[in-house]
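Under the numbering used here, the sequence shown is numbered contiguously, ending at residue 402. Glycine is no exception: its CB is placed at the ideal position from the N, C-alpha and C atoms. Since the structure comes first, as structure tokens, the remarks are kept for the end.
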Amino acid sequence: MEICYPYIVDHTEPGTIPYQFEYGLMKTRNILVTGGAGFIGSHVVRLLVNKYPGYRIINLDKLTYAGNLENLRDIEDKPNYVFVKADICDFATVLKIMQDYDVDGVIHLAAESHVDRSIVDPFTFARTNVLGTLSLLQAAKACWLDNHSVISSEVEKSSSSYRRFYHISTDEVYGALEMTHPEGIKPPFTTKASSGEHHLAYGEEFFTEDMKYQPHSPYSAAKASSDHFVRAFHDTYGLPTVITNCSNNYGPYQFPEKLIPLFINNIRNRKPLPVYGKGENVRDWLYVEDHARAIDLIFHEGKDGETYNIGGFNEWKNIDVIKALIRITDRLLGRREGEDDNLITFVTDRAGHDLRYAIDSRKLQRELGWEPSLQFEEGLEKTVRWYLDNEPWMRRVTSGEYEKYYEKMYGNR
Ligand SMILES: NC(=O)c1ccc[n+]([C@@H]2O[C@H](COP(=O)([O-])OP(=O)(O)OC[C@H]3O[C@@H](n4cnc5c(N)ncnc54)[C@H](O)[C@@H]3O)[C@@H](O)[C@H]2O)c1
């Protein structure tokens, strides 16, 4: 059966490489990024397209409500960028793309990513996050390994060594940590990302790479399952894989169902700020560009079969993040700082809401030298400024379906 791509934007040609690299002066690679029109994916695609002009970056995205090509407008005409609209669950199309473009690296971010939606519709999460990952693994195995089902000789091992299936996962697979110190412990574990004034830990334990998986939400259960499949393909077939589990990301281009962009938009429009429970839940926040840098580093230098945690040692209670957002947004809008505190509205807590997440990312620091570049408040200010400056972007993504979704999620709480 002839498979046609439903929609493709390609300034390069399948099977060829950009002309300036054809004489082998620069190393070229064909990297398939899935979910590149989403929040984190768009930062990863931008970084790779700009940093590696000799690579062809193929962005495969289904463009669900969370995928937005506007996020990539600044690089969409670059000669080393290709966009293909496709579903990762469609194995035949995924396989064809991998063959046509001679893909030698996969950076897999496509997923359903919002916990609240997973509680309403777990099937979609199992389909995309588990079966979609399996479809990509099978395609990578078919392209890279199936002619040599067991990688036996040293030559074969080294020829496959530049191939890599990189699976992006979340800290939520580890479950929740206890909040043994609600008042906060001062850091002996300071990193550049932590602000001396605010950086506290709310418990003694952190998520490490060897921790038992204990997912609680349908989202984290589906991500955990996909992680297990990736490890199984490594252990069973020798597929060169790497997995990272990252903490909460924030920054530009995040769909405004997630806390930070949602609240900036609501503060601006003086709409209530629905805070789950008492806002005591603790999350570890990382600026999205720092995550993208880590992905680039691990894709190129991480070890096969390994897992790396990515986080900023930057724990914040939700209520403190929200108050900081109000202060910054008010100031940037010329209002009195804290003037909008009265928008905070406590709503019924999310079912099974994990209390505390905190990542121990020392393995990544120790082995690959990565560390976050931004203080949290610096990152928050940059983020608020971006959303305020990009009001038309916000207006476009919050029209239509979004309004219906918002009413369903928060209307009756
Ligand atoms: N956002 C975070 O804080 C965070 C933290 C840790 C890990 N992660 C992981 O990082 C990845 C990206 O997260 P995000 O926040 O950017 O998500 P997002 O929801 O913003 O983007 C997901 C992208 O995947 C695409 N997609 C969804 N289903 C697809 C399908 N079936 N086929 C092809 N494309 C599909 C969407 O169109 C969208 O562009 C996810 O795997 C997520 O689990 C996210």
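#1: Are the beta-carbon atoms of Asp160 and Ile348 separated by less than 9 Å?
#2: Under 9 Å between C-beta atoms, does Arg259 make it to chain B?
#3: First and last residue of the beta strand (DSSP E) that includes Phe72?
#4: Give the secondary structure of Thr122 by DSSP, where H, G and I count as helix, E and B as strand, and everything else as coil.
#5: Closest to Asn254 by C-alpha separation, out of Val386, Asp(-1), Asp293 and Leu357, would be which residue?
#6: How about Phe244 and Asn57: are their beta carbons less than 9 Å apart?
#7: With a threshold of 8 Å, are at least 3 pairs of Cβ atoms found where one atom belongs to the region 28 to 39 and the other to the region 73 to 93?
#8: Specify, as a first and last residue, the run of the alpha helix (DSSP H) that Lys260 falls within.
#9: Within its chain, find whatever has a CB closer than 7 Å to the CB of Met168; leave out the 5 residues flanking it on each side and keep chain order.
#10: Cα separation between Asp(-1) and Tyr70?
#11: Ligand 1 heavy atoms versus the CB of Gly227: any closer than 8 Å?
#12: Going by DSSP in three states, Arg272 sits in which element: helix, strand or coil?
#13: If we call anything under 9 Å between Cβ atoms a contact, is Ser350 one with Asn307?
#14: Just the Cα atoms here: how many angstroms apart are Asn331 and Arg259?
#15: Does the distance between the C-beta of Ala99 and the nearest non-hydrogen atom of ligand 1 fall short of 8 Å?
#16: Closer than 8 Å: is that where the CB of Asp279 sits relative to any heavy atom of ligand 1?
#17: For Trp133, which of helix, strand or coil comes out of DSSP?
#18: Using CA coordinates, which residue listed in Val277, Trp375 and Thr117 is at the minimum distance from Lys51?
#19: Using alpha carbons as the reference points, say which of Phe196, Leu166, Asp110 and Asn234 lies closest to Tyr155.
#20: Which of the three DSSP states is assigned to Asn57 in this structure?
#21: Threshold first: 4 residues or longer. Then list the alpha helix (DSSP H) segments lying entirely within the region 155 to 237, N to C.
#22: Are the CB atoms of Thr23 and Leu126 nearer to each other than 9 Å?
#23: Does the Cβ-Cβ distance between Pro229 and Gly323 come in under 9 Å?
#24: Verify the contact flag: Ile77, CB atom, against every heavy atom of ligand 1, threshold strictly below 8 Å.
#25: Determine which residues share a DSSP beta bridge with Leu36 and list them.
#26: Taking the alpha helix (DSSP H) that Ile46 falls in, what are its first and last residues?
#27: Locate the beta strand (DSSP E) running through Val22, then write down its first and last residues.
#28: Does the distance between the C-beta of Phe288 and the nearest non-hydrogen atom of ligand 1 fall short of 8 Å?
#29: Output needed for Ala131: all residues of its chain with C-beta closer than 7 Å, excluding positions within five of it in sequence on either side, in chain order.
#30: What are the boundary residues of the alpha helix (DSSP H) that includes Thr318?
#31: Under 9 Å, do Val310 and Leu369 count as touching if we go by C-beta distance?
#32: Taking 9 Å as the threshold (C-beta atoms), are Arg257 and Thr318 in contact?
#33: Can you check whether the CB of Asn48 is closer than 9 Å to the CB of Phe28?
#34: Below 9 Å between beta carbons: does that hold for Gly377 and Lys371?
#35: For Trp305 versus Phe365, is the C-beta spacing smaller than 9 Å?
#36: Inspect the beta-carbon positions of Glu198 and Thr122 and report whether they are closer than 9 Å.
Let me lay it out:
#1: Taking the sequence shown and counting its residues from 1, the one referred to as residue 160 is at position 171. Taking the sequence shown and counting its residues from 1, the one referred to as residue 348 is at position 359. Yes, they are a contact pair.
#2: The structure shown contains no chain B; it holds only a single protein chain.
#3: As a working mapping, residue 72 is identified with position 83 in the sequence shown. Counting along the chain, the beta strand (DSSP E) containing Phe72 begins and ends at Tyr70 to Lys74.
#4: Translated into positions along the sequence shown, residue 122 becomes position 133. Here Thr122 sits in helix by DSSP.
#5: Taking the sequence shown and counting its residues from 1, one reaches residue 254 at position 265. Taking Asn254 as reference, the option from Val386, Asp(-1), Asp293 and Leu357 with the minimal CA-CA separation is Val386.
#6: Position 255 of the sequence shown holds residue 244. Position 68 of the sequence shown holds residue 57. Yes.
#7: Cβ pair count under 8 Å is below three, so no.
#8: One-based indexing of the sequence shown puts residue 260 at position 271. Segment: none, Lys260 is in no alpha helix (DSSP H) and carries neither H nor E.
#9: Walking along the sequence shown from the start, residue 168 turns up at place 179. Result list for Met168: Tyr191, Gly192, Val271, Leu344 and Arg345, in chain order.
#10: As a first step, residue -1 must be located in the sequence shown, where it is residue number 10. As a first step, residue 70 must be located in the sequence shown, where it is residue number 81. The straight-line gap separating the alpha-carbon atoms of Asp(-1) and Tyr70 is approximately 7 Å.
#11: Indexing the sequence shown from 1 puts residue 227 at position 238. Look at Gly227: its beta carbon is at least 8 Å from all of the heavy atoms in ligand 1.
#12: As a first step, residue 272 is located in the sequence shown; it is residue number 283 there, counting from the start. Arg272 falls in the strand class under three-state DSSP.
#13: Taking the first residue of the sequence shown as 1, we reach residue 350 at position 361. Taking the first residue of the sequence shown as 1, we reach residue 307 at position 318. Contact flag unset, no.
#14: Position 342 of the sequence shown, counted from the start, is the residue given in the question as residue 331. Position 270 of the sequence shown, counted from the start, is the residue given in the question as residue 259. Cα-Cα distance, rounded: 10 Å.
#15: Position 110 of the sequence shown, counting from 1, holds the residue named residue 99. Flag set: Cβ of Ala99 near ligand 1.
#16: Locating residue 279 in the sequence shown gives position 290, counting from the first residue. No; taking the cut-off as 8 Å, the Cβ of Asp279 has no heavy atom of ligand 1 nearer than that.
#17: For the purposes of this step, residue 133 is identified with residue 144 of the sequence shown, where counting begins at 1. Helix at Trp133.
#18: For the purposes of this step, residue 51 is taken as the residue at position 62 of the sequence shown. If we check each option's Cα against that of Lys51, Thr117 comes out closest.
#19: Within the sequence shown, numbered from 1, the residue matching residue 155 stands at position 166. When Phe196, Leu166, Asp110 and Asn234 are compared, the shortest CA-CA separation from Tyr155 is found for Asn234.
#20: Counting from one through the sequence shown, the residue named residue 57 turns up at place 68. Coil.
#21: 207 to 226
#22: Indexing the sequence shown from 1 puts residue 23 at position 34. Indexing the sequence shown from 1 puts residue 126 at position 137. The answer is no: Cβ separation not under 9 Å.
#23: The residue you call residue 229 lines up with position 240 of the sequence shown. The residue you call residue 323 lines up with position 334 of the sequence shown. Not in contact: Pro229 and Gly323 (Cβ atoms no closer than 9 Å).
#24: As a working note, residue 77 is residue 88 in the sequence shown. The closest heavy atom of ligand 1 lies less than 8 Å from the beta carbon of Ile77.
#25: For the purposes of this step, residue 36 is taken as residue 47 along the sequence shown, with counting starting at 1. Leu36 is not bridged to any residue.
#26: Locating residue 46 in the sequence shown gives position 57, counting from the first residue. That residue, Ile46, is in no alpha helix (DSSP H); its beta strand (DSSP E) goes Arg45 to Asp50.
#27: The count along the sequence shown starts at 1 and reaches residue 22 at position 33. Unbroken beta strand (DSSP E) run through Val22: Asn19 to Thr23.
#28: Locating residue 288 in the sequence shown gives position 299, counting from the first residue. Phe288: no, Cβ never under 8 Å from ligand 1.
#29: Counted from its first residue, the sequence shown places residue 131 at position 142. Answer for Ala131: Leu84, listed in chain order.
#30: By one-based count along the sequence shown, residue 318 stands at place 329. Residues Asn307 to Leu321.
#31: Counted from its first residue, the sequence shown places residue 310 at position 321. Counted from its first residue, the sequence shown places residue 369 at position 380. Yes, the Cβ-Cβ distance between Val310 and Leu369 is below 9 Å.
#32: In the sequence shown, the residue the question calls residue 318 occupies position 329. In the sequence shown, the residue the question calls residue 257 occupies position 268. In this structure, Arg257 lies closer than 9 Å to Thr318 by Cβ.
#33: Here the question's residue 28 lines up with position 39 in the sequence shown. Here the question's residue 48 lines up with position 59 in the sequence shown. One thing to note: Phe28 has its Cβ no nearer than 9 Å to the Cβ of Asn48.
#34: The sequence position of residue 377 within the sequence shown is 388, counting from 1. The sequence position of residue 371 within the sequence shown is 382, counting from 1. Here residue 377 turns out to be Leu, not Gly, going by the sequence shown. Result no, Cβ atoms of Leu377 and Lys371 do not sit closer than 9 Å.
#35: The residue given as residue 305 occupies position 316 in the sequence shown. The residue given as residue 365 occupies position 376 in the sequence shown. Against a cut-off of 9 Å, the Cβ pair of Phe365 and Trp305 comes out as a contact.
#36: Your numbering for residue 198 matches position 209 in the sequence shown. Your numbering for residue 122 matches position 133 in the sequence shown. Cβ atoms of Glu198 and Thr122: not closer than 9 Å.
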